[in-house]
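All remarks here apply to the structure that follows.
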Amino acid sequence: MVEVDATHLDRIVAGFAAALRTAGLDVPVGSVVTFRQALGVVGLAAWHPVYWAGRATLVHRPEDTALFDDTFAAYWHDQLRPDVAMEMSEHELTMALDTGDDEAATPDDAEGTQEVDLVLRWSPTEVLRHKDFSLFTLEELVEAQTLMRQLKLATSVRPSRRQRRARHERGRLDIRHTVQRALRTEGEPLIRASTVQSEQPRRLILLIDVSGSMEPYARALLRFAHAAVVSRRRVEAFALGTRLTRITRELSSRDPDDAFAAATGAVEDWSGGTRLGPVLREFNDEWGVRGMARGAVVVVLSDGWDRGDPAVLAEQMQRLARVAHHVVWVNPLKATEGYEPLAAGMAAALPFVDRFIEGHNIASLEALVAAVAA
Amino acid sequence: MTYTHSVDDVRCGLEAHDYLPDDGLATAIFLALELQRPLLLEGEPGVGKTEVAKTLARWTGGDLLRLQCYEGIDVTQAVYEWDYSRQLLHLRTAEATGRATGVDADELESELYSERFLVKRPLLQAIAYGQPPAPVLLIDEIDRADDEFEAFLLEVLSEYAITVPELGRFHADVPPIVVITSNRTRDVHDALKRRCLYHWVDHPDFDREVAIISRRTDGVSDAIIDQVASAVAQFRQLGLYKPPGVAESIDWASSLGRLGAAALDVETAEATIGAVLKYREDQQRVREYGLAKLLEADSNV
Ligand SMILES: Nc1ncnc2c1ncn2[C@@H]1O[C@H](COP(=O)(O)OP(=O)(O)OP(=O)(O)O)[C@@H](O)[C@H]1O
Ligand SMILES: [Mg+2]
């Protein structure tokens, strides 16, 4: 595809956008137009510039890179010259891993990836759905991954930016808003349109307790977090132990085992102690209150066992609850016969929690999915 | 606006000013220049985001206009401010000379709100910039600013225009080269991302890091540079609080150079570790992992 006429190129570009969307990427029309312009500038003589032009215009967060790479390899494979295509198919072998929910990636791959095998082996037994995570074998954990991926996580939609701005204006009418308003009267309609249509799913933040007492559950919940990170946009994941570790990037690898290994590798204090209060404070200071948790759905996955001062935890939960849209606490021990939130940490946190649910098996994670959508 | 005809021109231009971009970054910069779109660079601390803007300014000869973002940044720091004390002084003088009343009053008011009392901040400076070469507008660490500022910025960057109510509309004759950086402590709005060319800046691979360190240090032996690059790459795998960026690699290599070290052995590493790992916990972690083990791996590179 060295020389193509403009309409043909349009068609190729539109086809690529469609393939990306099928693969689950959010590809706004504006970005496609920019991609088309970029191709006009870098040309089509080699796949490298085409690839990087796509990355610069169609990918807006590193977590989407793997999906983009898969789709790029499969799609441009057919569009580029044979000698270039050779290079591409190598690429494809290392990156093309399918998820159960998209048909876009490599429809022609006869080799069959591990993932496809997984899907074939999987049988959705009720037993597995209700089995306690702490009793899972490794194989079951792997099967569970497939089940978890089918949990379609959707958070509620946040109101448009306009409404939020109006709320802010209440107290002070300052010069900045005056200027903004003045600008807006002359502003182009495009901006207004994008402001109005800015209804977005809320960000979902998963805070996973990885201390020793949570170990049997943390393994499973981490896989749940992985399924969430790769299946939808605007998900953030952190590990809570004696310190805070952001693991979103680690979990963004398409391969669940790679992701799991990367995440546990990044968490220095995996299966160590917990300092829920101070670690939550760190989250609030560095990320949450600073912006990430504003209007977000925050899910804490923890048994609430904590030796620290419950007052610190309570204070931090309160800070978090103030900025978040919704705080959900998932406690695997909640399902235990006769359990009451006796853990001091749990008791301190509860007043600031919107939903308190169990999380010891897949069936209960289905309940979590429902809670997150509220 | 033609600094370039190809991605290679960008690479060469930046390299001539000691910045070594990889393919992805060079392409993104090239597209930003060609399509006259802002460039949004995200990445971990110290990977060279801010330096891109500085180097672009040196290369193109444009002025560097820098806006450092922080929580609560507002129009007076980012766009413009009226110089109240000078306006007041002007008013007093007018009163003293009797101009403040009668026919002159209207004229006086328009004088008060004329460009001579306007203090331009980086955004307005960039838009109101008159002649080529275009300035480089660096909006650094946008993730620290709040949502409203971002929305405002989007409007400015869509139009390359700013209205000052008392004065009218400034429109950029020469659109600035805009570089926005973020450490991604929160996500930048999708609308702003769509307006920009996007690039996630990764840590450089081994060869590039070696090249960067050589370029940015003097009189450090190749052997030491190799060892530094290799050790730093391994540090980044250890899940540290603050994984070292390129800046730290450079600092480390320079201090080793200053010490006149012949090779990076455990003792020298121990003595200079503070140049590359700024947190005690991180230094501790590396020691626990084993400095010897980390340095040993070097010889196999
Ligand atoms: N590709 C490169 N070529 C040459 N020098 C580089 C490169 N990348 C980084 N550097 C060096 O690393 C230093 C740090 O980079 P810079 O300050 O731009 O990082 P940053 O990503 O903006 O970090 P922060 O997020 O902490 O602000 C620069 O001063 C420069 O010397
Ligand atoms: Mg910087």
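Those sequence lines, one after another, are chains A and B.
If you count the first sequence from 1, position 240 lands on 256 in my numbering, and the numbers rise without skipping.
If you count the second sequence from 1, position 69 lands on 74 in my numbering, and the numbers rise without skipping.
From the three backbone atoms N, C-alpha and C, an ideal C-beta is built for every residue, glycine too.
If you check the beta carbons only, do residue i and residue j fall under 8 Å apart?
{"i": "residue 256 of chain A", "j": "residue 223 of chain A", "result": "yes"}
{"i": "residue 218 of chain B", "j": "residue 196 of chain B", "result": "no"}
{"i": "residue 269 of chain A", "j": "residue 292 of chain A", "result": "no"}
{"i": "residue 337 of chain A", "j": "residue 372 of chain A", "result": "no"}
{"i": "residue 165 of chain B", "j": "residue 180 of chain B", "result": "yes"}
{"i": "residue 244 of chain B", "j": "residue 283 of chain A", "result": "yes"}
{"i": "residue 226 of chain A", "j": "residue 286 of chain A", "result": "yes"}
{"i": "residue 63 of chain A", "j": "residue 92 of chain A", "result": "yes"}
{"i": "residue 305 of chain A", "j": "residue 339 of chain A", "result": "yes"}
{"i": "residue 262 of chain B", "j": "residue 206 of chain B", "result": "no"}
{"i": "residue 129 of chain B", "j": "residue 72 of chain B", "result": "no"}
{"i": "residue 117 of chain B", "j": "residue 96 of chain B", "result": "yes"}
{"i": "residue 159 of chain B", "j": "residue 200 of chain B", "result": "yes"}
{"i": "residue 149 of chain A", "j": "residue 236 of chain A", "result": "yes"}
{"i": "residue 282 of chain B", "j": "residue 291 of chain B", "result": "yes"}
{"i": "residue 262 of chain A", "j": "residue 219 of chain A", "result": "no"}
{"i": "residue 15 of chain B", "j": "residue 250 of chain B", "result": "no"}
{"i": "residue 342 of chain A", "j": "residue 370 of chain A", "result": "yes"}
{"i": "residue 198 of chain B", "j": "residue 45 of chain B", "result": "yes"}
{"i": "residue 57 of chain A", "j": "residue 36 of chain B", "result": "yes"}
{"i": "residue 60 of chain B", "j": "residue 19 of chain B", "result": "yes"}
{"i": "residue 141 of chain B", "j": "residue 69 of chain B", "result": "yes"}
{"i": "residue 333 of chain A", "j": "residue 363 of chain A", "result": "no"}
{"i": "residue 276 of chain A", "j": "residue 329 of chain A", "result": "no"}
{"i": "residue 238 of chain B", "j": "residue 211 of chain B", "result": "yes"}
{"i": "residue 75 of chain A", "j": "residue 51 of chain A", "result": "no"}
{"i": "residue 314 of chain A", "j": "residue 221 of chain A", "result": "yes"}
{"i": "residue 208 of chain B", "j": "residue 241 of chain B", "result": "yes"}
{"i": "residue 86 of chain A", "j": "residue 39 of chain A", "result": "yes"}
Is it the case that the CB of residue i approaches a heavy atom of ligand 3 more closely than 7 Å?
{"i": "residue 54 of chain B", "result": "Absent from the structure shown: ligand 3. Ligands present: ligand 1 and ligand 2."}
Write down the C-beta distance between residue i and residue j rounded to the nearest angstrom, noting that I regard them as a contact closer than 8 Å.
{"i": "residue 139 of chain B", "j": "residue 182 of chain B", "result": "6 Å"}
{"i": "residue 123 of chain B", "j": "residue 87 of chain B", "result": "7 Å"}
{"i": "residue 360 of chain A", "j": "residue 301 of chain A", "result": "Not a contact, Cβ separation roughly 23 Å."}
{"i": "residue 132 of chain B", "j": "residue 177 of chain B", "result": "5 Å"}
{"i": "residue 65 of chain A", "j": "residue 12 of chain B", "result": "6 Å"}
{"i": "residue 8 of chain A", "j": "residue 288 of chain A", "result": "The question about residue 8 of chain A has no answer here: the residues shown for chain A are numbered 17 through 390."}
{"i": "residue 155 of chain B", "j": "residue 187 of chain B", "result": "No, residue 155 of chain B and residue 187 of chain B are not in contact; Cβ-Cβ is about 10 Å, not under 8 Å."}
{"i": "residue 54 of chain A", "j": "residue 72 of chain A", "result": "7 Å"}
{"i": "residue 84 of chain B", "j": "residue 126 of chain B", "result": "5 Å"}
{"i": "residue 393 of chain A", "j": "residue 79 of chain A", "result": "The displayed coordinates of chain A run from 17 to 390. Any statement about residue 393 of chain A would go beyond what the structure contains."}
{"i": "residue 120 of chain B", "j": "residue 172 of chain B", "result": "7 Å"}
Next item on the list: Report yes or no: do three or more beta-carbon pairs, one from the segment 296-313 of chain A and one from the segment 188-208 of chain B, lie closer than 8 Å?
Entry: yes
Check: At a cut of 8 Å, does the segment 226-233 of chain B reach the segment 23-37 of chain B through at least three beta carbon pairs?
Finding: Cβ pair count under 8 Å is below three, so no.
Notebook entry, point to check: Are three or more beta carbon pairs between the segment 253-260 of chain B and the segment 275-287 of chain B nearer than 8 Å?
Noted result: yes
Margin query: Tell me whether the segment 40-56 of chain A and the segment 369-377 of chain A touch, counting them as touching only if at least three CB pairs, one residue from each stretch, are closer than 8 Å.
Written below: no
Notebook entry, point to check: Between the segment 27-41 of chain B and chain A, which residues of the former have CB atoms less than 7 Å from a CB of the latter, in chain order?
Noted result: 28, 29, 32, 33, 36, 39 and 40
Check: If you pair each beta-carbon of the segment 13-29 of chain B with each one of the segment 28-36 of chain A, do three or more pairs fall below 8 Å?
Finding: With a cut-off of 8 Å, the segment 28-36 of chain A and the segment 13-29 of chain B do not count as touching, because too few Cβ pairs lie within range.
Check: Just by C-beta distance, which residues in the segment 187-206 of chain B are closer than 9 Å to chain A?
Finding: 189, 190, 191, 192, 193, 194, 195, 196, 198, 199, 200, 201, 202, 203, 204 and 205
Notebook entry, point to check: Does the segment 64-81 of chain B come within contact of the segment 146-159 of chain B, defined as at least 3 CB pairs closer than 8 Å?
Noted result: yes
Notebook entry, point to check: What residues from the segment 236-262 of chain B come within 7 Å of chain A, judged by C-beta to C-beta, listed N to C?
Noted result: If the cut-off is 7 Å between Cβ atoms, the segment 236-262 of chain B has 244 near chain A.
Note to self: Assess contact between the segment 272-282 of chain A and the segment 236-245 of chain A, defined as three or more Cβ pairs (one per stretch) separated by less than 8 Å. Is contact present?
What the structure shows: yes
Next item on the list: Mind checking the segment 47-74 of chain A against chain B and listing, in chain order, the residues whose C-beta falls within less than 8 Å of any C-beta there?
Entry: 47, 50, 53, 54, 57, 58, 64, 65, 68, 69, 71, 72 and 73
Checklist line | Interface residues of the segment 298-309 of chain A facing chain B [CB-CB below 8 Å] | finding: 302, 303, 306, 307 and 308
Note to self: Along the segment 265-291 of chain A, where does the CB come closer than 8 Å to a CB of chain B? Name the residues.
What the structure shows: 281, 282, 283 and 284
Check: Between the segment 281-296 of chain B and chain A, which residues of the former have a C-beta closer than 9 Å to a C-beta of the latter?
Finding: 286 and 290
Next item on the list: Using a Cβ-Cβ cut-off of less than 7 Å, give me the residues of the segment 39-62 of chain B that come near chain A, in sequence order.
Entry: 39 and 40
Note to self: At a CB distance below 8 Å, what residues from the segment 7-26 of chain B approach chain A? Give them in sequence order.
What the structure shows: 12
Check: Going along the segment 309-342 of chain A in order, which residues come within less than 7 Å of chain B, judged by CB to CB distance?
Finding: none
Checklist line | Where the segment 74-89 of chain A meets chain B: residues whose CB sits under 8 Å from a CB there | finding: Only 75, 76, 77, 78 and 81 from the segment 74-89 of chain A bring a Cβ to less than 8 Å from some Cβ of chain B.
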